[in-house]
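Numbering (this note's numbering), first residue to last: 20 to 616.
For every residue, glycine included, the Cβ atom is placed at its ideal position computed from N, Cα and C.
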């Protein structure tokens with residue numbers, strides 16, 4: 020049985036009149052990869068601060084094991100100007116030579132160790148933070164929204180880092196696909212409770228639905244029993260021959276613990292006003308060059324975008340994704356070429372800093388109505404406000420009292436109400452909680468207009484995109500397949516490239532060309548064998564989990580024969596589903612292994 024690293028025992032925390040969680044209890048065991056989910060403001064980040072001793076509980080205790088070594092990856096870090104990568108990594112658990120060797124796994128060039136971290140792109144700053152986690156060698160790490168603003172290549176490196184990491188983890192994220200790939204438990208922080216579920220994020224949704232269904236059935240049965248008892252008491256309580264029975268049943272009623280099913284929390288439900296026009300051709304980009312002063316970012320960009328298309332713009336950080344959207348919007352003038360819009364086509368733009376343009380003295384409703392104009396009914400505005408979790412009196416709040424995330428939701432709402440036939444969205448899911456991201460993806464999927472968007476959220480891109488455009492080397496290229504196929508091509512390419520790279524530059528000078536080729540081939544073969552061994556190790560680990568779960572299923576079947584307990588049936592069903600998921604995972608690893616033979 021796994022050892023417990025950290026426990027929250029009967030923990031309670033509130034701010035002013037808001038109860039974040041009450042009498043919450045859970046444990047984090049060795050090796051568990053736990054995704055932390057819940058609505059914005061539910062208390063996820065506060066929970067992290069409590070576990071890091073940066074805030075105190077109102078009631079309860081945090082129990083930490085004697086061998087706990089905890090590390091934290093924050094959403095934002097503030098490095099002094101002079102902090103180089105090497106100085107950031109010195110004096111930690113692992114020696115610097117070991118850390119530098121591992122840096123190659125994260126595709127960090129050797130000369131980056133002398134660079135100030137502040138001079139690095141967002142993607143390389145994240146790699147620097149991952150390298151520090153490796154250097155600290157914790158047995159429990161806390162990651163707070165690590166996927167925000169990451170390009171897909173860094174996201175895949177982060178995913179690999181987590182999968183290779185042997186310790187336990189708590190991960191706050193609203194990216195369903197990322198959680199699905201990296202976690203084996205889910206911690207739900209919602210409605211004043213913290214609940215831990217076994218299995219992936221998909222298992223969490225299934226377990227939650229089954230548990231609610233079970234509770235509703237129990238509540239219905241209990242209500243029938245209570246009604247029967249009260250009817251008996253009302254009919255026979257005054258009769259001397261039945262008085263004792265009536266009193267006995269009343270005592271039974273008093274001892275009966277009432278089963279309560281909490282009302283479902285309010286979820287975002289977003290419905291967008293339809294655009295005033297769709298058209299056959301939304302816009303055409305011909306030989307466009309974009310940049311900042313003398314610095315060229317994009318050149319010779321040629322794209323035809325049909326009406327109704329939903330185009331995801333992908334590429335590494337700094338490639339020019341946001342630059343392209345700014346060029347289309349006219350925020351950044353083209354240095355060459357032409358952007359031609361279709362008949363009666365206009366755009367609405369959501370950028371990463373548009374919240375700064377809100378009028379602080381206006382209310383939420385006033386800002387939304389100003390954008391909607393006369394062509395959108397007030398009820399439509401209120402419906403969208405409710406979908407973005409501004410309901411009741413919240414719509415009358417002045418902008419100045421809103422949090423950063425709330426301001427971002429208002430700005431997004433203004434864009435969505437514009438009825439523009441072309442929406443340009445740059446990272447629209449930032450500051451949105453898990454459920455609002457899902458609702459936005461569904462709404463945009465139904466939207467009849469044209470959408471060009473940039474997002475780091477894989478689940479969101481998969482649900483919305485009908486076309487993928489990759490920005491690389493200053494060029495824009497339409498990818499012929501789906502987003503899943505694009506990710507798969509990146510994963511396969513990255514794995515092969517890493518397996519073929521030299522780990523240390525210690526080769527002796529080659530005596531002749533044939534010797535050069537022979538030595539290189541042997542080195543490549545050696546490294547490919549290492550990749551196969553790593554995959555085989557993962558397969559063995561999955562196989563062990565399948566065997567353990569099969570044993571659990573046999574035990575549950577034996578227990579179900581002895582007693583008819585609905586909880587046992589639920590556990591058996593979930594165990595069977597987990598076995599199926601792991602078998603699929605084993606087959607995928609097997610195919611990957613065979614591809615390197």
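query: Simplified DSSP assignment, three categories, for residue 331; result: strand
query: For residue 306 and residue 55, the rounded distance between their alpha carbons; result: 46 angstroms
query: Top-ranked residue by Cα proximity to residue 411, from 422, 419 and 398; result: 398
query: Which listed residue (190, 121, 565 and 270) has its alpha carbon closest to that of residue 160; result: 190
query: Sequence-distant residues of the same chain with beta carbon closer than 6 angstroms to residue 196, five excluded per side; result: 477 and 478
query: Residue 347 classed as buried or exposed, judged by whether at least 16 other C-beta atoms fall within 10 angstroms; result: buried
query: Spatial distance of residue 444 from residue 217 (CA atoms); result: 35 angstroms
query: Alpha carbon of residue 178 to alpha carbon of residue 123, nearest angstrom; result: 16 angstroms
query: Contact belief for residue 244 with residue 265 at Cβ below 8 angstroms, rounded distance in angstroms; result: Actually they are not in contact, since the Cβ atoms of residue 244 and residue 265 sit about 15 angstroms apart, beyond 8 angstroms.
query: Bridge partner(s) assigned by DSSP for residue 163; result: 191
query: Runs of beta strand (DSSP E) lying entirely within the region 39 to 66, each at least 3 residues, in chain order; result: 52 to 56
query: C-alpha distance - residue 503 paired with residue 35, whole-angstrom precision; result: 45 angstroms
query: Runs of alpha helix (DSSP H) lying entirely within the region 73 to 141, each at least 4 residues, in chain order; result: 104 to 108 and 115 to 122
query: Cβ-based burial, residue 524 [other Cβ within 10 Å; buried from 16]; result: Unreliable placement is indicated for residue 524, whose pLDDT of 36 sits below 50; the coordinate value is still reported in the next sentence. Per the 10 Å Cβ criterion, exposed.
query: Beta-ladder partner(s) of residue 223, from DSSP; result: DSSP lists no partner for residue 223.
query: Three-pair Cβ contact test at 8 angstroms for the region 201 to 221 versus the region 43 to 60; result: yes
query: Contact under 8 angstroms by Cβ, residue 163 with residue 94; result: yes
query: 7 angstroms Cβ shell around residue 90 - same chain, five flanking residues per side excluded; result: 152, 155, 157 and 160
query: With 16 other Cβ atoms within 10 Å as the buried cut-off, status of residue 294; result: buried
query: Residue nearest to residue 373 in terms of C-alpha spacing, selected from 429, 417, 324 and 420; result: 429
query: For residue 472, the first and last residue of its enclosing alpha helix (DSSP H); result: Run containing residue 472: none in the alpha helix (DSSP H); it sits in the beta strand (DSSP E), 469 to 473.
query: Straight-line Cα distance separating residue 572 from residue 331; result: 43 angstroms
query: For residue 386, three-class secondary structure by DSSP; result: helix
query: Rounded C-alpha distance that separates residue 235 from residue 280; result: 7 angstroms
query: Chain-order list of residues whose beta-carbon lies under 7 angstroms from that of residue 594 (same chain, five-residue window excluded); result: 568, 571, 572 and 575
query: Residue closest to residue 246, alpha-carbon to alpha-carbon, out of 269, 233 and 224; result: 269
query: Burial state of residue 460, where buried means 16 or more other Cβ atoms lie within 10 Å; result: buried
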